[in-house]
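With our numbering applied, the sequence shown corresponds to residues 44 to 560, in that order. No residue lacks a Cβ here, since even glycine has one placed at the ideal position from N, Cα and C. The structure under discussion appears below in the form of structure tokens.
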Amino acid sequence: MTGQSIDAAPTAAATAAAGQPVQPTRFPATLPYRHTDDLFIDGAWRAASGTGRTTVTNPATEAEWGSVPVASAADVDLAVAAARRAFARAGAGADGWRGLAPSVRAGYLERLAGEIEKRAAAISHTNTWENGSPVAETGRAASNAAAIFRYFAGLAGYLETADVRPFPDGSAETVVRQDPVGVCALIAPWNFPINLVVAKLAPALMAGCTVVIKPASPTPLSIRFLADAAAAAGIPAGVVNIVTGDSAVGDALVRHPGVDKVAFTGSTPVGRRIAAACGELLRPVTLELGGKSSALVLPDVDLTAMQQVLIRSCMRNTGQTCYISTRILAPAGRYDELVDMVTATIQAARQGDPMDPDTVFGPAATRAQRDTVRGYIRSGIAEGARATTGGDVPSGFDRGFFVKPTVFADVTPGMRIAREEIFGPVLSILRYDTLDEAIGIANNTAFGLGGTVFSADADAAFDAAARMDTGSVGLGFFASNHNAPFAGRHDSGLGAEFGREGLHAYLRPQSVHRRIR
Numbered sequence: 044m045t046g047q048s049i050d051a052a053p054t055a056a057a058t059a060a061a062g063q064p065v066q067p068t069r070f071p072a073t074l075p076y077r078h079t080d081d082l083f084i085d086g087a088w089r090a091a092s093g094t095g096r097t098t099v100t101n102p103a104t105e106a107e108w109g110s111v112p113v114a115s116a117a118d119v120d121l122a123v124a125a126a127r128r129a130f131a132r133a134g135a136g137a138d139g140w141r142g143l144a145p146s147v148r149a150g151y152l153e154r155l156a157g158e159i160e161k162r163a164a165a166i167s168h169t170n171t172w173e174n175g176s177p178v179a180e181t182g183r184a185a186s187n188a189a190a191i192f193r194y195f196a197g198l199a200g201y202l203e204t205a206d207v208r209p210f211p212d213g214s215a216e217t218v219v220r221q222d223p224v225g226v227c228a229l230i231a232p233w234n235f236p237i238n239l240v241v242a243k244l245a246p247a248l249m250a251g252c253t254v255v256i257k258p259a260s261p262t263p264l265s266i267r268f269l270a271d272a273a274a275a276a277g278i279p280a281g282v283v284n285i286v287t288g289d290s291a292v293g294d295a296l297v298r299h300p301g302v303d304k305v306a307f308t309g310s311t312p313v314g315r316r317i318a319a320a321c322g323e324l325l326r327p328v329t330l331e332l333g334g335k336s337s338a339l340v341l342p343d344v345d346l347t348a349m350q351q352v353l354i355r356s357c358m359r360n361t362g363q364t365c366y367i368s369t370r371i372l373a374p375a376g377r378y379d380e381l382v383d384m385v386t387a388t389i390q391a392a393r394q395g396d397p398m399d400p401d402t403v404f405g406p407a408a409t410r411a412q413r414d415t416v417r418g419y420i421r422s423g424i425a426e427g428a429r430a431t432t433g434g435d436v437p438s439g440f441d442r443g444f445f446v447k448p449t450v451f452a453d454v455t456p457g458m459r460i461a462r463e464e465i466f467g468p469v470l471s472i473l474r475y476d477t478l479d480e481a482i483g484i485a486n487n488t489a490f491g492l493g494g495t496v497f498s499a500d501a502d503a504a505f506d507a508a509a510r511m512d513t514g515s516v517g518l519g520f521f522a523s524n525h526n527a528p529f530a531g532r533h534d535s536g537l538g539a540e541f542g543r544e545g546l547h548a549y550l551r552p553q554s555v556h557r558r559i560r
């Protein structure tokens, strides 16, 4: 049996798990922004000079409900110029934003965190209407963003501590200073449009940089609440600027002569183009890109414990998360029972209206992404993988960009679904006989972003994790820690976010040597 046809009728169990069809949803009062004409430049909302528009579509209903302007080259120039002025404006400190003491900048970040929390419902609902992420997911966006701001604010003392290093012969010493990089272009993806901006914005502001933010085209409205929060927190004009638009706007920012650094989260192909441009310009860049991570299941695994974190670790946000472990490596002796557990867990999770708090799986964020994921499902079936659930169009959804959550068994390492990032609700379960074979499969990938190890033996899990060629590994779960670096290897990116490493991405060291005898 090669699997279920993508257009075959679903089983009764799968139909029950599909959830309820998405009904026309009343426009929430928490969404004040719909059709806008302005950009956030130099501390105020200003009319865009360009005439182009980007339409915002609800992925669950396919209804067009909002639009924003496409910034012109002149708009980008204004935003970058505002950021440059704020970087060194006398009114913002002895030497602009960069001249403020880290403890003063920390105070701004603390206030910004509070203002973000006040807008939690609006951020959540707008995010869900933009990209279809269930409110169970987006409801955490504001609190997580606030926590990121507060973490980096807490590094003020670290920045204010003198770093003095002696010469080996004791004749002199070096004071290592840290200067902010300057104006930073922050380009965000559509899957976590707030948190993946804040992961860049918080360290940039703490370091003394000013920024121009360009959100992804499908998710340009939730970011407006971040601008409102910055204004309410008293962030000086020009420190935070936002321009909206298509890839041409992003290209203009990346290559703008007034930009000193670029930080981007998104696909590996786009990341390569940005890296090439920054390499040509000798401009520092941080890239957080794609992933094809593995969940390594050791033979002594507690399947009940694994089941509790399976979706969060392997299918978070309808599979639209860069680090999730979408390849499950199962020991041959427990392969069938693990396939049964994973299949039952995914079947039982509700798919439906993302505004319903009980929904686990929403739609794909865009029509193009839906079609891409369905193409991978077809590929898996054609190459001989067996769909134990899913593999077809969800029952009862007459509109929306829904893909039925799919689990593939009998997957081999050479299949496309085992090698390429799908970015949708598709899991592949591969069989292994020895731990060495499993480690080989885990490391036989172009990516290196996340991973998990499931075992009842903590030491064995730690030892296995150390052999995985990837930037982060969770033992029995996966989550980002704001206090630790999140860094991709190979095609998963360059540089690090979070931790002191994430802060240093926005700083330039200067060594000042002085004699002491």
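| Query | Result |
| --- | --- |
| How would you write the range of the beta strand (DSSP E) that Glu107 sits in, first residue to last? | Glu107 to Pro112 |
| Along the chain, where does the alpha helix (DSSP H) that runs through Thr513 open and close? | First-last for Thr513: undefined, no H or E at that position. |
| What did DSSP end up calling Lys161 once you bin it into helix, strand or coil? | helix |
| Measure the C-alpha to C-alpha separation of Gly200 and Cys321 and round it to an integer number of angstroms. | 32 Å |
| Once the 5 residues before and after Ala126 are set aside, which same chain residues still bring their CB inside 7 Å of it? | Val226, Thr253, Val254, Val255, Gly281 and Asn284 |
| Hey, out of Asp222, Thr94, Gly157 and Pro279, whose CA is closest to Ile191's CA? | Gly157 |
| With DSSP as the reference, identify every bridge partner of Ile371, one or two as the case may be. | Ala338 and Ile472 |
| In this structure, does DSSP put Cys365 in helix, strand or coil? | coil |
| Using the Cα positions of Phe497 and Ala205, report the straight-line distance between them to the nearest angstrom. | 43 Å |
| What are the boundary residues of the alpha helix (DSSP H) that Arg543 is part of? | Gly542 to His547 |
| Please work out which residues of its chain come closer than 7 Å, Cβ to Cβ, to Ser110, disregarding the five sequence neighbours upstream and downstream, and give them in chain order. | His78, Arg96, Thr97, Thr98 and Val99 |
| Whole-angstrom Cβ separation of Phe42 and Ile472, contact assumed at under 8 Å? | Past the boundaries of the shown model lies residue 42; the chain is included only from 44 to 560, so the question cannot be answered. |
| Would you list the one or two residues that DSSP bridges to Val450? | Thr432 and Leu470 |
| Keeping to the same chain, check which residues put their C-beta closer than 7 Å to that of His525; ignore five residues upstream and five downstream. | Ala190, Ile191, Tyr194 and Phe541 |
| For Gln412, count neighbouring C-beta atoms within 10 Å of its own C-beta (all shown protein chains included) and say buried if the count is 16 or more, exposed if not. | buried |
| Ordered along the chain, which non-local residues of its own chain (more than five positions away) have a Cβ less than 6 Å from that of Gly433? | Lys447, Pro448 and Thr449 |
| Sorted by chain position, which residues of the same chain lie with C-beta nearer than 6 Å to Phe268's C-beta, five sequence neighbours on each side aside? | Arg162, Ala165 and Ile166 |
| By DSSP, does Asp383 sit in helix, in strand, or in coil? | helix |
| Which of the three DSSP states, helix, strand or coil, is assigned to Arg393? | coil |
| Comparing alpha-carbon positions, which option in Ser214, Tyr76 and Ala276 lies nearest Tyr151? | Ala276 |
| Hey, quick one: how far does the beta strand (DSSP E) through Cys321 stretch, first residue to last? | Note, Cys321: premise wrong, no beta strand (DSSP E); alpha helix (DSSP H) at Thr311 to Leu324. |
| Going by CA-CA distance only, name the one from Asp222, Gly175, Arg148 and Trp108 that's closest to Pro397. | Gly175 |
| Just to confirm before moving on: does the CB-CB distance between Leu492 and Ser523 stay below 7 Å? | no |
| Quick one: Cα of Thr311 to Cα of Thr287, how far? | 21 Å |
| Buried or exposed: His556, going by 16 or more other Cβ atoms within 10 Å of its Cβ? | exposed |
| Ala501 to Arg298, Cα distance in whole Å? | 47 Å |
| Which full runs of the alpha helix (DSSP H) of 4+ residues lie inside the region 223 to 271, going along the chain? | 238 to 250 |
| Can you name the start and end residues of the beta strand (DSSP E) that Val283 belongs to? | Val283 to Ile285 |
| Whose CA, out of Ala295, Arg462, Ala106 and Thr329, lies closest to the CA of Gly563? | Nothing about residue 563 can be read from this structure; the chain reaches only from 44 to 560. |
| Met511: which of Glu160, Lys335, Gly293 and Ile84 sits nearest, CA to CA? | Lys335 |
| Indicate whether Gly314 and Glu464 have their beta-carbon atoms separated by less than 7 Å. | no |
| By the three-class DSSP mapping on this structure, what secondary structure does Val123 have? | helix |
| Quick check on Phe445: does DSSP put it in helix, strand or coil? | coil |
| In this structure, how does DSSP classify Thr204 when only helix, strand and coil are distinguished? | coil |
| Any contact between the region 545 to 553 and the region 364 to 383? By contact I mean 3 or more CB pairs, one from each, below 8 Å. | no |
| Report the three-state DSSP secondary structure of His556 (helix, strand or coil). | strand |
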